[in-house]
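Structure, as structure tokens:
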Amino acid sequence: MKKTLHVVFSAIVVTGVGAAMPAAAHAGGYGCNGSLVGTWRLPMKDAYTGEKFYISDIKLYYNASSGWNCAVLAKRPDHQRYGTRTPMDIAMYNSRFREDNVKNNYDYDNGRFKYFAGPVRVYGKNMCVSIVAHHADTAGPFDGKWSGSRRIFGAACD
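Residues in the sequence shown are numbered from 530 upward in steps of one, following this note's numbering.
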């Protein structure tokens, strides 16, 4: 039920914002309101060579007037997988999150995306948020193995 409501809410936000923006203009906030407060590269590891590379970035926004944080995992436009559906996920939670207290404290999005996963939103006034994101570098079937992941603890402490 929570995921369904998140998808419906996201569709309303994207429809309302997206109608005024061209498809390639996702960089204008990805459906997030507020100021960009942080960007973190998500490192990937080539399965054959072991080399590190970057295909996406975690972007965190904060709206000081509402107290809400919003985050996305956005593909880099210059990467070959930009515009190709690949497995991605992002989760964000605040310092009040507990398994029995999910409302406004935890949000996630996962699937196969062309441009970005998210947006995910949690309330963040007078507290820190943490983000966990994963990305696979495959356009084919997903084998359940992530090529890259990143955890950010204690970000955007207001």
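The C-beta atom is built at its ideal place from N, Cα and C for all residues, glycine as well. None of the values given here were measured: they were computed from a predicted structure.
From the options, residue whose alpha carbon lies closest to that of residue i
i: residue 682; options: 634, 658, 592 and 671; result: 658
i: residue 661; options: 644, 612 and 675; result: 675
i: residue 669; options: 624, 650, 636 and 613; result: 613
i: residue 581; options: 684, 678, 643 and 686; result: 678
i: residue 601; options: 672, 671, 663 and 673; result: 663
i: residue 652; options: 619, 594, 623 and 611; result: 623
i: residue 646; options: 611, 635 and 618; result: 618
i: residue 656; options: 611, 565 and 596; result: 596
Span separating the alpha-carbon of residue i from that of residue j
i: residue 667; j: residue 616; result: 7 Å
i: residue 587; j: residue 650; result: 13 Å
i: residue 567; j: residue 598; result: 11 Å
i: residue 554; j: residue 641; result: In this predicted model, residue 554 has a pLDDT of only 32, less than 50, meaning its place in the structure is not dependable enough to derive any value.
i: residue 572; j: residue 584; result: 8 Å
i: residue 620; j: residue 565; result: 17 Å
Per DSSP, cross-strand counterpart(s) of residue i
i: residue 661; result: 620 and 680
i: residue 599; result: 590 and 650
i: residue 641; result: 616
i: residue 572; result: 583
i: residue 636; result: 621
Helix, strand or coil at residue i [DSSP, three-state]
i: residue 652; result: strand
i: residue 567; result: strand
i: residue 555; result: Low per-residue confidence applies at residue 555: pLDDT is 36, beneath 50, and the placement is therefore not dependable enough to give any value.
i: residue 666; result: coil
i: residue 604; result: strand
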